[in-house]
Amino acid sequence: MFNIIILSRFSLIIFLLPIISASAFANEIYQTPEDFIEEVFAGHPPDSNKLWITKDIKQSIRNILEHDLGVLRLRYWSKDGRSAWILEEIGKERPITTGIVVNQGHIEIVRILIFRETRGWEVRYPFFTDQFNDAGLVNEDKLDKSIDGISGATLSVNAVTKLARLALLLHEYAKKGKD
Amino acid sequence: MDGNYIIFKQFNRYVTNIMLMIMVPVSTMAEVPSSEEMWKIIQQQQKVIEELKAKLEQTEHKVVATETRVEETAKEVEAAAEAMEQSGTGASTAASWADKTTVGGYGELHYNSLNDDNNLTGGNDDLDQVDLHRFVLFFGHEFNESLRFFSELEVEHALAGESQPGEVELEQAWLEMDLTNHHRARAGLEILPIGIINPTHEPNTFYGVERNKVETEIIPTTWWEAGFGLIGEIAPGWNYDLIAHSGLAIPTTGSSAFRPRSGRLKVANANDQDIAFTGRIRYTATPGLEIGVAGQYQRDVTGAADLFAIPATLFEGHIDWKHVSGFGLRALYARWDFDDDNSPVPGLDPENVNADTLDGWYVEPAYRFEIPGRVPGDLGVFARYENWDERNQITGAHRFEEFSRWVLGMNWWPHQNVALKFDFQNEDADGPVDAIFDGVNLGIGYQF
């Protein structure tokens, strides 16, 4: 027979400490997209632009994500050769919201803004995201450097890597549009 | 051409004519019309100027109207785009529910061609079979941003039912609530966080057609129990799990006595289990590297129904390293310690079947690389050496013996979520055992 009394005692111990220390339930928003844009443009963000998802861009997105984005245009912020993007991709179950800054065709910042998956949360730490710094594209849509994964978080790693590739590609399309 | 520009040119022409007339030389005055005629001409031209002015104003109005319409059209396009995007991402109630519900799964099909290298003992156990070993569907639902549900439903060996080889199993069904950004509480039917394969067992994530024997016999993967606990992180890259859960109820007699794998009641009308506690610390702060240590304590691993009380502890430690160069290394050690019977009338001794300590370990170097040329995906080659304790299955002399196995093989990933596998295995045992399997395995696996 399951020992209910012992179970109850341990359950109390297990649950009390974190609940006491927790001020409120969290929704795992590490930084809002608005704050990210504000920060990466040093408090003076430009007006947002919109990149319409043309047939070519749609195909390029599909090549990377293996599905459509489901939007007709993407908002981005651009100033002095830098562009900032807020992109989402599902790891295993839920979307990972990521802020990415591309500077002159190379990744400057990758930051996880909202993480909703039940595992693989390590991707939000700089020890993982800093690997993308200075990465560019080769062979149209591949990163020119390898990214070390995280054991047990393969799907989250794949999702963030795809978003980094996508941001680099969209940066080029946005640049062409302006030229 | 721009309408304003044309009108401006006409207007300019008239003004030029007037200026020319005024500047006519005196010598030609004789041919100049009378003042009445001049007045007439001026009046006619004034009329033309006014008509042109009116046309110019009209054109300006049209330009303004056109600009307004362009702006309105842009707004309409924006509104239409937003409406289309919303309809595609769950604006309606039904879509909103679907947006919060996720479906996934994995599966693996195996072909085993194995010879029993020990035919003289326990008969011929050769194996030549094809088997849809696992077909699994995930269902998850997010009630709100802090509370979610996840489940995993599995069909093993394709055909379930009475006298059929397979079974339908619910391997996960839990609720999870965020407590803070770093801590979560989870309750329900949950896979225990021990080892590498038990928590992450999708076939495209590991080498070899069959799961390794250490994480089958010592850690009885797939191992789930009913429980509740906490998961989270204590520092970046330092993760913990702490769970109170239903324990094993291992048999104390028969051919499976003290076999951990046979003690799983799978939360199916599971009576007579004692409580167990499992904890794990996992380090992942170096990309590509995971180091994990797990421990479990159970006060009575034989369950509460019998007269015996055998306390048991399980220790497990592992490293899983995937270097950016493609080199990978997995190594794991796991060990059960079954204590003496501490019931009021002790009558059971695990040592009688060589089961006071059961352990196993493996080491698996591998190398994965992108296939050059037109063949898509990655290829990985690996070698694995396993060593573990298992029942020998010899009638009348049931006890645990030490087995070892070499597995050499390769995985081809045409897509990161799909793997085709091939391996060759060679087994051995230190003592008398029923079967030693040598041969080849083929498999395909996927997840989505």
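Residue numbers (the numbering used here), protein chains in the order written: chain A, -8 to 170; chain B, 17 to 464. Here a beta-carbon is modelled for each residue, glycine too, at the ideal position from N, C-alpha and C. For clarity, every value in this text was computed on a predicted model and none was experimentally measured.
Given a cut-off of 7 Å on the beta-carbon distance, is the pair residue i and residue j in contact?
{"i": "Leu323 (chain B)", "j": "Ser359 (chain B)", "result": "yes"}
{"i": "Gly279 (chain B)", "j": "Leu258 (chain B)", "result": "no"}
{"i": "Glu332 (chain B)", "j": "Ala350 (chain B)", "result": "yes"}
{"i": "Ala371 (chain B)", "j": "Phe398 (chain B)", "result": "no"}
{"i": "Arg384 (chain B)", "j": "Asp394 (chain B)", "result": "yes"}
{"i": "Ala150 (chain A)", "j": "Glu80 (chain A)", "result": "yes"}
{"i": "Glu218 (chain B)", "j": "Tyr122 (chain B)", "result": "yes"}
{"i": "Ala174 (chain B)", "j": "Leu191 (chain B)", "result": "no"}
{"i": "Gly455 (chain B)", "j": "Leu148 (chain B)", "result": "no"}
{"i": "Pro430 (chain B)", "j": "Asp139 (chain A)", "result": "no"}
{"i": "Thr120 (chain A)", "j": "Val92 (chain A)", "result": "no"}
{"i": "Gly319 (chain B)", "j": "Gly295 (chain B)", "result": "no"}
{"i": "Phe293 (chain B)", "j": "Ala260 (chain B)", "result": "yes"}
{"i": "Leu160 (chain A)", "j": "Asp135 (chain A)", "result": "no"}
{"i": "Asp365 (chain B)", "j": "Ile326 (chain B)", "result": "no"}
{"i": "Phe106 (chain A)", "j": "Ile87 (chain A)", "result": "yes"}
Kindly identify the DSSP beta-bridge partner or partners of residue i.
{"i": "Glu124 (chain B)", "result": "B:Arg150, B:Gly461"}
{"i": "Pro381 (chain B)", "result": "B:Leu345"}
{"i": "Asp353 (chain B)", "result": "B:Thr329, B:Thr373"}
{"i": "Phe166 (chain B)", "result": "B:Gly156, B:Trp190"}
{"i": "Arg73 (chain A)", "result": "A:Lys70, A:Asn94"}
{"i": "His173 (chain B)", "result": "Answer is none; His173 (chain B) lacks a bridge partner."}
{"i": "Asn255 (chain B)", "result": "B:Glu249, B:Arg298"}
{"i": "Lys338 (chain B)", "result": "B:Gly344"}
{"i": "Trp113 (chain B)", "result": "Answer is none; Trp113 (chain B) lacks a bridge partner."}
{"i": "Val31 (chain A)", "result": "According to DSSP, Val31 (chain A) bridges with nothing at all."}
{"i": "Gly425 (chain B)", "result": "B:Phe398, B:Asp439"}
{"i": "Leu78 (chain A)", "result": "A:Thr89"}
{"i": "Arg102 (chain A)", "result": "A:Gly90"}
{"i": "Ile291 (chain B)", "result": "B:Ser262"}
{"i": "Tyr313 (chain B)", "result": "B:Phe293, B:Thr329"}
{"i": "Val79 (chain B)", "result": "None, per the DSSP bridge assignment."}
Near residue i, which residues of its chain fall below 8 Å by C-beta distance, leaving aside the five closest residues on each side in sequence?
{"i": "Lys282 (chain B)", "result": "Glu185, Trp240"}
{"i": "Ala176 (chain B)", "result": "Gly182, Glu183, Val184"}
{"i": "Gln409 (chain B)", "result": "Gly138, Ser271, Val449, Asp450, Ala451"}
{"i": "Leu7 (chain A)", "result": "The predicted position of Leu7 (chain A) is uncertain, since its pLDDT is 44 and thus under 50; a value taken from the coordinates is nonetheless stated next. Closer than 8 Å at the Cβ level, and outside the excluded window around Leu7 (chain A), lies no residue."}
{"i": "Ala286 (chain B)", "result": "Ala242, Ser262, Ala265"}
{"i": "Asn214 (chain B)", "result": "Ile207, Leu208, Glu231, Ile235, Thr237, Thr238, Trp239"}
Taking 7 Å as the limit between beta carbons, can you name the residues of its chain near residue i, skipping five residues before and five after?
{"i": "Asp71 (chain A)", "result": "none"}
{"i": "Leu157 (chain A)", "result": "Ile52, Ile55, Leu56, Leu78"}
{"i": "Ser69 (chain A)", "result": "Pro37, Asn40, Ala165"}
{"i": "Val171 (chain B)", "result": "Phe151, Gly182, Val184"}
{"i": "Asn197 (chain B)", "result": "none"}
{"i": "Trp404 (chain B)", "result": "Lys229, Val230, Glu233, Ile234, Gly376, Phe419"}
{"i": "Val369 (chain B)", "result": "Ala273, Phe274, His414, Arg415, Phe416"}
{"i": "His162 (chain A)", "result": "Ser74, Val93, Gly96"}
{"i": "Asp446 (chain B)", "result": "Glu417, Glu418"}
Residues of chain B with CB closer than 7 Å to the CB of residue i, please, in chain order.
{"i": "Gln173 (chain A)", "result": "What the structure shows of chain A is the stretch from -8 to 170, and residue 173 (chain A) is not part of that stretch, so it cannot be assessed."}
{"i": "Asn149 (chain A)", "result": "Gln432"}
{"i": "Glu79 (chain A)", "result": "Under the 7 Å cutoff, chain B gives no residues; its nearest Cβ is about 10 Å from Glu79 (chain A)."}
{"i": "Glu19 (chain A)", "result": "Asp194, Asn197"}
{"i": "Glu163 (chain A)", "result": "Near Glu163 (chain A) there are no residues of chain B at all, since even the closest Cβ is about 23 Å away, more than 7 Å."}
Using the beta-carbon of each residue, which ones in chain A are nearer than 7 Å to residue i?
{"i": "Ala97 (chain B)", "result": "Leu63, Arg64"}
{"i": "Gly156 (chain B)", "result": "Glu84"}
{"i": "Phe166 (chain B)", "result": "Thr109"}
{"i": "Met100 (chain B)", "result": "Leu63"}
Run through chain B and tell me which residues come within less than 9 Å of residue i, C-beta to C-beta.
{"i": "Asp139 (chain A)", "result": "Thr302, Pro303, Gly304, Leu305, Lys338, His339, Val340"}
{"i": "Ser39 (chain A)", "result": "Under the 9 Å cutoff, chain B gives no residues; its nearest Cβ is about 13 Å from Ser39 (chain A)."}
{"i": "Glu113 (chain A)", "result": "Glu249, Pro252, Gly253, Asn255, Thr300, Ala301, Pro303"}
Please work out which residues of its chain come closer than 6 Å, Cβ to Cβ, to residue i, disregarding the five sequence neighbours upstream and downstream, and give them in chain order.
{"i": "Ile335 (chain B)", "result": "Ile307, Ala347"}
{"i": "Lys153 (chain A)", "result": "Ile55, Leu56, Glu80"}
{"i": "Asn228 (chain B)", "result": "Tyr378, Glu402"}
{"i": "Thr118 (chain B)", "result": "Gly156"}
{"i": "Phe123 (chain A)", "result": "Ile98, Val101, Ala155"}
{"i": "Leu65 (chain A)", "result": "Leu42"}
{"i": "Thr373 (chain B)", "result": "Asp353"}
Could you name the residues of chain B that residue i contacts, counting a contact when the two beta carbons are closer than 8 Å?
{"i": "Phe118 (chain A)", "result": "Pro252, Gly253, Ala301, Thr302, Pro303"}
Which chain A residues sit within Cβ distance under 8 Å of residue i?
{"i": "Thr318 (chain B)", "result": "Going along chain A, no residue has its Cβ under 8 Å from Thr318 (chain B), so there is no contact; the nearest lies around 14 Å."}
{"i": "Gly120 (chain B)", "result": "Lys83, Glu84"}
{"i": "Thr75 (chain B)", "result": "Under the 8 Å cutoff, chain A gives no residues; its nearest Cβ is about 32 Å from Thr75 (chain B)."}
{"i": "Thr221 (chain B)", "result": "Thr145"}
Could you tell me which chain A residues have their CB closer than 9 Å to the CB of residue i, listed as they occur along the chain?
{"i": "Pro215 (chain B)", "result": "Arg110, Gly143"}
{"i": "Thr89 (chain B)", "result": "Within chain A, no residue comes near Thr89 (chain B); the closest Cβ sits about 15 Å away, beyond 9 Å."}
Whole beta strand (DSSP E) elements within the region 181 to 245 of chain B, 3-residue minimum:
Secondary structure remark: continuous beta strand (DSSP E) runs of at least 3 residues inside the region 181 to 245 of chain B, in chain order: 183 to 194, 199 to 207.
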